[in-house]
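Working notes for the structure below.
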Amino acid sequence: MKKLGIYLIISLLIVTLVKGQDSVPVQKDKPIRSPFESGMLIDNETMVIPTAKTLELVIQHRFGEMSNGMEDFYGIWAPSNIRLGFNYSILNTLMVGVGTSKDYRLQDFRMKYNLLQQTRSDKIPLSITLYGNFAIDARNQDVFEGYSSPYELIDRFSYFGELILTRKFSDIFTLQLSGSFSHINKVPEGIEHDKIGLSFAGRFKISPQSSILFQYDIPLDCEKMKENAVLMNVKPNFGVAWEIATSSHAFQITLSSAKLLSRQYDMIYNEYDWTEGDIMLGFNMTRLWSF
Amino acid sequence: MKNKNLLTVAVVFLGALLLVAFTIPQDQKKGGPWNIPDKYKTMKNPYTGNADLTNVGKMLYAKHCKSCHGNVGLGDGPKAATLATNCGDLSSATWQKANSDGALYYMSIIGRDEMPNFESKIPEEEDRWAVVNFLRTLTAK
């Protein structure tokens, strides 16, 4: 009897989440309305692409670790990282972008494509998005010297590819799951060139303009991909954020355990352990211009 | 010595005047009559009374309109004071009666001057009419 009660509660919860969304009778099946407010979710990408011919300015900032307390004012006075980028929507389903960030002096080029979009009738229950970027480490050449192989331009290159599955369960709750592959051409000894990763991210909308976001990126430990002795144990990236979205802006105040502002660098180099309290305050801002 | 004092007083006075000039709020101008094409004036709202769009309209209003027009359309949003044109009161019976749904559509989506164009931000017809429907709920209490 007790078990039956639990099953009933769980079933009711699922039905509430699934049926709560757009129950509008529509003549034509259309893509679901705003599963997220922005193309960014803390450090992750979402399936959101602004409408065609829209230019998006993106500013991402991460302060230092909060664990030092008042010594460096919870990381605000500590060394920080910043990324400035521009994205442009060529189509409603295709976006390209460029950006530059301070750590590793990364110059990145990105592309996002919505392969399939969840529809209001639920005929298509999921959105499928492809995201990829290519980055160039623009630090001085001497950083790449001293390795067993001589310096080549391609030592500066790194790549990231991701398949994102998104489901908007209701106007309140959206969840995305993604699988990714990261590669950095030249890495110090004891660090892997390649990494397969899994990410979970989602949104709880708490008011028409505010949402609580969460993410968890897990770099997977694949025995077959290991090269020689791996000395560095990459840490998962946990993050939560408060998002405020208006007509042209999205603003996210973040707490996360990675600060490289590059998906492949976070997957391969992240050494911050959130279970040890390595959390950093930060923010993301976007501004849209339509043409 | 006397001239020096006079000069100091004059400089202080002019400085104060300059500061006051910056602090006195400038009056906002009232928006003139809208030149709405006939096509929009007579446009029928295909979603009148569609209760399923209530939440959609509310969400879109909160995202795109609230910062200037305020929570209930009184024109008292946080950005309203920075505009050269007064937002007006969308909840007033006079304004509500004077404008057809099509006119509201034109004013809300096409815009003019400081009232932005929302055609690309609200690309779907259904959503645009949802905003119009929501504006109709902003009646003075």
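Chains as they are written, first to last, in our numbering: chain A, -6 to 284; chain B, 2 to 142.
Here a beta-carbon is modelled for each residue, glycine too, at the ideal position from N, C-alpha and C.
query	result
Candidates A/D96, A/G57, A/P181 and A/I69, of which the one nearest A/R76 by Cα	A/D96
Proximity test, Cβ basis, 8 Å: A/L10 and chain B	Residue placement at A/L10 is flagged as unreliable, the pLDDT there being 49, under the threshold of 50; a coordinate-derived value is accordingly withheld.
Validate contact between the segment 81 to 92 of chain A and the segment 264 to 277 of chain A using beta carbons, cut 8 Å, 3 pairs	no
Buried or exposed (CB count within 10 angstroms, at least 16 for buried), A/D148	buried
Cβ neighbours of B/D90 in the same chain (closer than 8 Å, five flanking residues each side left out)	G74, L75, G76, W96 and A141
Nearest-angstrom Cβ-Cβ length linking A/F244 and A/H54, presumed shorter than 8 Å	11 Å between Cβ atoms; not a contact.
Coil, strand or helix - A/D96 by DSSP	helix
Contact with chain B by A/A243, beta-carbon distance below 8 Å	no
Whole-angstrom distance between B/K80 and B/R129, CA atom to CA atom	22 Å
CB contact check: A/S163 to chain B, cutoff 8 Å	no
Short Cβ contact (8 Å threshold) for A/G125 with A/F153	yes
Proximal residues of chain B, C-beta to C-beta of A/A238 below 7 Å	K64
Cut-off 6 Å between Cβ atoms - residues of its own chain near A/E155, not counting five sequence neighbours on either side	Y124, S171 and S173
Integer Cβ distance of B/F135 from B/K59, believed to fall under 8 Å	6 Å
Below-8 Å beta-carbon distance, A/S171 vs any chain B residue	no
Beta-carbon neighbours of A/Q202, restricted to chain B and to distances below 7 Å	A63 and K64
Continuous alpha helix (DSSP H) stretch holding B/L105: start and end	D102 to Y106
Where A/R298 sits in the DSSP three-state scheme	The structure shown does not extend to residue 298 of chain A, since chain A is modelled only from -6 to 284, so the question has no answer here.
CB contact flag (A/Y265, A/S250, <8 Å)	yes
Within 8 Å, strictly: CB atoms of A/F56 and A/A71	yes
Proximal chain A residues relative to B/M60, where beta-carbon distance stays under 7 Å	P201
CB contact below 8 Å: A/R103 versus chain B	no
Alpha-carbon spacing of A/I253 relative to A/N178, whole angstroms	Correcting the residue type first, residue 253 of chain A is Leu in the shown sequence and not Ile. When rounded, the distance between both Cα atoms is 17 Å.
Bridge-paired residues (DSSP) for A/E236	A/S204 and A/Q245
Per DSSP, cross-strand counterpart(s) of A/N277	A/Q53 and A/Q245
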